[in-house]
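These protein sequence lines map, in sequence, to chains A and B.
Residue numbering for the first sequence follows the numbering used here, starting at 7 and increasing by one per position.
Residue numbering for the second sequence follows the numbering used here, starting at 71 and increasing by one per position.
Heads up, the thing below is written out as structure tokens.
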Amino acid sequence: SAVISQKPSRDICQRGTSLTIQCQVDSQVTMMFWYRQQPGQSLTLIATANQGSEATYESGFVIDKFPISRPNLTFSTLTVSNMSPEDSSIYLCSVSPGQGYGYTFGSGTRLTVV
Amino acid sequence: AQKVTQAQTEISVVEKEDVTLDCVYETRDTTYYLFWYKQPPSGELVFLIRRNSFDEQNEISGRYSWNFQKSTSSFNFTITASQVVDSAVYFCALTSSRGGPARQLTFGSGTQLTVLP
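Structure follows, in structure tokens:
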């Protein structure tokens, strides 16, 4: 199965600033998914990123707040813009599985906004 | 719409006890996939199992076993002889393919398992 390197692993940011999270995959993948996990909660899909097209956002998430880039089949970034304390969460990227495997997840970015 | 329900928010057991984590799902698709993930305190998601809708065979992997029953739309997870290292949040998840590209996972709310020494 694919291996994902996600950076940064954690950050503490000032409100009003932006943070860009990177995910590098060790193989080419068609679809990448970005999830948010608020404290003590389950994972919620932010958007699906397909190389060469605009990301598809879920209800409640907008491109201005969470712009995504997908320049090639092994890399994607998620930016959390104009942050507020409510954005404090773990953000995870994920890729679709190879045959017989589960979806692979990055190690997560633990974001705290102060 | 798809939905995954994990009714048990928290479970606490003493080491060496067996414990079952429940998962009930809803989907209109005939082809779908069910997953279990473990999330230890460090935060990463560890893949445990994937099961497709056409394979109702129960599976055992060491101390872990899974019971998939389409008749009750359940995919329960049992840990035998639990250990302290099993303490984590466990998520059940669902996706369907509809013959197209991979789709996102729908997660349950998770069950916090605490195994006491």
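Beta carbons are placed, not taken as given, at the ideal position from N, Cα and C, and that holds for glycine.
- Item | Cutoff 7 angstroms: PHE177 (chain B) Cβ touching any chain A Cβ | PHE177 (chain B) counts as touching chain A.
- Query: Would you say GLY113 (chain B) faces chain A, with C-beta separation under 7 angstroms as the test?
  - Reply: Put simply, the CB of GLY113 (chain B) is near chain A, with a gap under 7 angstroms to one of its CB atoms.
- According to the neighbour-count rule (16 or more other Cβ atoms, all chains shown, within 10 Å of its Cβ), is PRO103 (chain A) buried or exposed? By the Cβ neighbour-count rule, PRO103 (chain A) is buried, with 16 or more other Cβ atoms within 10 Å of its own.
- Message: Against ILE96 (chain A), what residues of chain B qualify as contacts under a CB-to-CB distance less than 8 angstroms, listed in chain order?
- Response: Within 8 angstroms Cβ-Cβ: GLY113.
- SER75 (chain A) at chain B interface by Cβ criterion, 7 angstroms: No, no contact with chain B.
- Task: Anything in the segment 109-141 of chain B with a Cβ closer than 7 angstroms to a Cβ of chain A? List those residues in chain order, please.
- Result: Correct list: GLY113, GLU114, LEU115, PHE117, ARG120.
- Message: For ASP93 (chain A), count the other beta carbons within 10 Å of its own beta carbon; 16 or more makes it buried, fewer makes it exposed. Which is it?
- Response: Answer is buried; the Cβ neighbour count reaches 16.
- Query: Between ILE130 (chain B) and ARG121 (chain B), what straight-line distance do the alpha-carbon atoms span, to the nearest angstrom?
  - Reply: Cα-Cα distance, rounded: 12 angstroms.
- Task: Check whether the Cβ atoms of VAL119 (chain A) and CYS29 (chain A) lie closer than 7 angstroms to each other.
- Result: Cβ atoms of VAL119 (chain A) and CYS29 (chain A): not closer than 7 angstroms.
- Hey, does LEU49 (chain A) have any beta-carbon neighbour from chain B nearer than 7 angstroms? Any Cβ of chain B closer than 7 angstroms to the Cβ of LEU49 (chain A) would place that residue at the interface, and such an atom is present.
- Message: For ASN78 (chain A), report the span of its beta strand (DSSP E) as first-last.
- Response: Note, ASN78 (chain A): beta strand (DSSP E), 74-78.
- Task: In angstroms with no decimal places, state the Cα-to-Cα distance between SER15 (chain A) and TYR160 (chain B).
- Result: Rounded to whole angstroms, SER15 (chain A) and TYR160 (chain B) show a C-alpha spacing of 21 angstroms.
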